[in-house]
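Taken in sequence, the protein lines are chains A and B.
Each residue of the first sequence is one higher than the one before, counting from 1 in our numbering.
Each residue of the second sequence is one higher than the one before, counting from 1001 in our numbering.
I have placed the structure first, in the form of structure tokens, so that the comments after it can refer back to it.
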Amino acid sequence: MTQFEELQQAIIDGKAPVSKALTEKMLKEGIRPGEFFSKAIIPAMDEVGRRMRECEFFIPEVLIAARAARASSDILRPLLVGEDAMSSVGIVVCGTVKGDLHDIGKNIVAMMLESAGFKIVDLGVDVSAEKIVDAVRSNQANLVALSALLTTTMVNMKGVVEALAAAGLRDKVKIMVGGAPVTDAWAHSIGADGYGKDAPAAVELARQLVAA
Amino acid sequence: MPEIPQHRIVLRPVQTELTAPAGSALRDLLFAQGVEFPCGGQGRCRGCRVHVLEGLASVNDAQRERLSPEELATGWRLACQCTLDDDLVIELRQWDAAILVDETPFAFEPRPGLGVAVDLGTTTLVTQLLDLSTGHVLAVRTALNSQARFGADVMSRVQFAVAKGGAQQLRELIRQQIGSLIEQLVFAAQVPDGEITDVVVVGNTVMHHLFCGLDVEPLSRYPFESEHLGLQTFHAGDLAWKLSGEARVRFLPCLGGFVGSDILAGILATNLSEREDLNGLVDLGTNGEIVMGNRQRLLCASTAAGPAFEGARISMGMRAATGAISEVKVKDHAINCRVLGNVLPVGLCGSGLVDAVAAGLELGRIQPSGRFTDGAGAWELAAPVVLTQGDIRELQLAKGAIAAGIRILLDRFGATAGDLKKLYLAGAFGNYINRASAQRIGLISFPSEKVEAAGNTALLGAKLALFRPEGEDGSFARLRHQTEHVALNADQSFQETFVEEMAFPQSTSA
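Laid out in structure tokens, this is it:
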């Protein structure tokens, strides 16, 4: 097993101390920080996503795997220089909409997007449309990811789409939505660009939207 | 000798067909099919009632006494009282009687008049007519909440209500339905309706607001706190109820958030607020509600446990009705399923789901992570009923939310599971769930002897409230102020604890 494969395995198994130690060891041996993402972290989280989709992994396993990925990426990010530092796939502003406090699903999506190379601006829960508009503007984000878990709060997603349009930012960002009561049809009806039915689907969608 | 004609019986939903000679007792025929006769076929209860969909089945006095004119007119019969005189198509709905009626004896101070206790649930309604001078229950009527067609859970009900005219429609529906149930109670008990002096209604905060005509909009969004949680008093006339007297109608106060007067009534019924030691009450439903405390302090919380315990979102989930696997036991490294009504299994109800997962853990088929050990997608419990990987995940979400809520409330008391004297399980599911299985899956991490099924505590509490003299309404307000509502979703540690509690405990025997 190569060291990259070992690191992948540590992330999939959710062993944060192992992934941290391996990352430090490999850095000492002269491996370039940028290589870790393409050769270990992104493929490991893709595998976690696959297992989640196949019901093999559930929320706890995904969260501990994401923590193990973060144990590695937290060491690497400050070290990224030059080409690697610029290499973020996209800048995502994410949050759970106003009136809604559910954050587990949003956190999983954020962590998986981060592991997939996106820069994440996580605004947390109960986030107003204005706050999202401000964050998009100040971070020059190209993607907005919104979560809602209640039928009574998902209507606030529409308000975010409208606020971004009113602020003249609608053509600068793609908007994706998700959460238990949300559907593809709903996403279309409020003028969002896409719906992610689960975290792996959200990562796939984010990749497509920034590539479009 | 003339040949005795034969009649055909089709049983639904199981689609069994029988043929028997005319004049046979329906009781014997159905008993052979696993239908139970709780009073032994004496016509003294309603346990064996069946719905005759086609054909004629005669009515006798025992049935007139136990079934309402509406029920008789729509084909409901007591199976134990009928003989076979026609070809019949019968729906066996026996186990739909999962609506739990309270029959717990209670202490009270007699007062003149009649009273009605109403447990207004999101799904079901239970009403009892009581003689306040003797404490006797004179009649009982249950029904499905007629608002349910506008949404099964409280949030969808709120969503409907905030739309134009929705709240008024829901208010009128429920007021009319309870009024009509009271008329049925009066009719069944053959008492003068003018003697009804008191009606006490309990329900969760959404039911309280919809019935009382209060704005539910604050309940649609964070922080889910309404200003109007207090006791609401009406006169029967205000509600357009056709009672000749001036009955006083009280909807007991809510405790906070979605935790309503059904839980306040539960505190009355279990006496939690009067005890020195720490006790808890858990109502396992779509919204799992938890109260914990003693005479000094009470904490309550609700968790959106999801409808897993009621069979929704479970691939072959169903209510605890005929054909549901209600129990799964492990014997000699194999499982043994009990099916309600003793028919071929068609699905899995909440208690069966909890049992099945506990059995899977015991047999090593399910890992503590919730994953099937062999990596399969499903486990056949009793053909054609299977438990899928997705079903286990739904249960993990539901039980994780409840277990986390219990843990957080205990933490607030600085207590551990060992400090709790008793944990009462309220509601129908609390009555049917196997306590050892609940412990095995980590839903409740207390020894079985500490866990007690408490029945319909909402209804019992409403009955106790009927006997409180008029001047004592302040006691409800005091209880409400004594009980602090903990907003779990805003608790820093909730999400973390919730995720931790999603896993199942390691095997205890290993």
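Think of the CB as a built atom: it goes at the ideal place given N, C-alpha and C, for glycine as much as any other residue.
At a cut-off of 7 Å, the C-beta of Arg1393 of chain B has a neighbouring C-beta in chain A. Taking all protein chains shown into account, Thr1074 of chain B has fewer than 16 neighbouring C-beta atoms within 10 Å of its C-beta and is therefore exposed.
Non-local beta-carbon contacts of Ala16 of chain A in its own chain, meaning distances under 7 Å to residues more than five positions away in sequence, involve Arg67, Ala68, Ala71 in chain order.
Against chain A, a Cβ distance below 8 Å from Ser1226 of chain B picks out nothing, because the smallest value is about 14 Å. Legend: CB atoms of the region 50-63 of chain A lying less than 9 Å from CB atoms of chain B belong to residues Glu54, Cys55, Glu56, Phe57, Phe58, Ile59, Pro60, Glu61, Leu63. For Tyr1222 of chain B, the secondary structure class from DSSP, reduced to helix, strand or coil, is coil. Bridge pairing for Phe1429 of chain B: absent [DSSP]. Among the CB atoms of chain B, one or more fall inside 7 Å of the CB of Leu150 of chain A. Contact between the region 1438-1453 of chain B and the region 1344-1360 of chain B is present: 3 or more CB-CB pairs across the two stretches fall below 8 Å. Excluding its 5 nearest sequence neighbours in each direction, Glu130 of chain A has C-beta neighbours in its own chain below 8 Å: Ala163, listed in chain order. Taken atom to atom, the span from the alpha-carbon of Thr1016 of chain B to that of Val1089 of chain B is near 10 Å.
Here His1208 of chain B is buried, its C-beta having at least 16 other C-beta atoms within 10 Å.
In the DSSP annotation of this structure, the continuous segment of the beta strand (DSSP E) that includes Phe1234 of chain B starts and ends at 1232-1235. Proximity of Arg1365 of chain B to chain A, defined by a Cβ-Cβ separation below 7 Å, is not satisfied. For Ile108 of chain A, no Cβ of chain B is located within less than 7 Å of the residue's own Cβ. Contact check for Ala1139 of chain B against Ala1062 of chain B fails: the beta carbons are separated by 7 Å or more. Take the alpha-carbon of Gly1115 of chain B and the one of Phe1234 of chain B: they are about 15 Å apart. Around Asp103 of chain A, the beta-carbon contacts reaching into chain B at under 8 Å are Gln1495. DSSP places Leu1078 of chain B within a strand segment (E or B) once states are collapsed to three. Of the residues assessed, Leu79 of chain A falls on the exposed side of the cut-off, its CB having fewer than 16 other CB atoms within 10 angstroms. Under the Cβ distance rule, Asp134 of chain A does not count among the residues neighbouring chain B, no pair being separated by less than 7 Å.
The shortest CA-to-CA distance from Lys172 of chain A to any of A:Ala212, A:Met154, A:Ser147 is the one to A:Ala212. Closest option to Ile175 of chain A, judged by alpha-carbon separation, among A:Val210, A:Asp74, A:Ser115: A:Val210. Under the 10 Å beta carbon count, Asn1489 of chain B is surrounded by 16 or more other beta carbons and is classified as buried. Residues Asp1102, Thr1104, Ala1269 of the same chain have their beta carbon placed closer than 6 Å to that of Leu1460 of chain B, with the five preceding and five following residues left out of the count. When DSSP states are grouped into helix, strand and coil, Ala1334 of chain B belongs to the strand group.
For Thr1104 of chain B, no beta strand (DSSP E) encloses it, and the DSSP letter there is neither H nor E. Here Ala1163 of chain B is exposed: its Cβ has fewer than 16 other Cβ atoms, across all protein chains shown, within 10 Å. Put simply, the backbone Cα of Arg1012 of chain B is about 15 Å away from that of Val1339 of chain B. In chain order, Gly95, Thr96, Asp103 place their CB closer than 8 Å to the CB of Gly124 of chain A, counting only its own chain and leaving out the 5 sequence neighbours on each side. At a cut-off of 7 Å between C-beta atoms, Asp198 of chain A does not count as an interface residue with respect to chain B. DSSP places Cys1212 of chain B within a helical segment (H, G or I) once states are collapsed to three.
In this structure, the alpha-carbon of Asp198 of chain A lies about 53 Å from that of Lys1242 of chain B.
Exposed is the label assigned to Gln1296 of chain B, since fewer than 16 other Cβ atoms lie within 10 Å of its Cβ. For Trp1379 of chain B, the enclosing beta strand (DSSP E) stretches over residues 1378-1382.
The beta-carbon separation of Ser88 of chain A and Ile42 of chain A, rounded to 12 Å, does not stay under the 8 Å limit for a contact.
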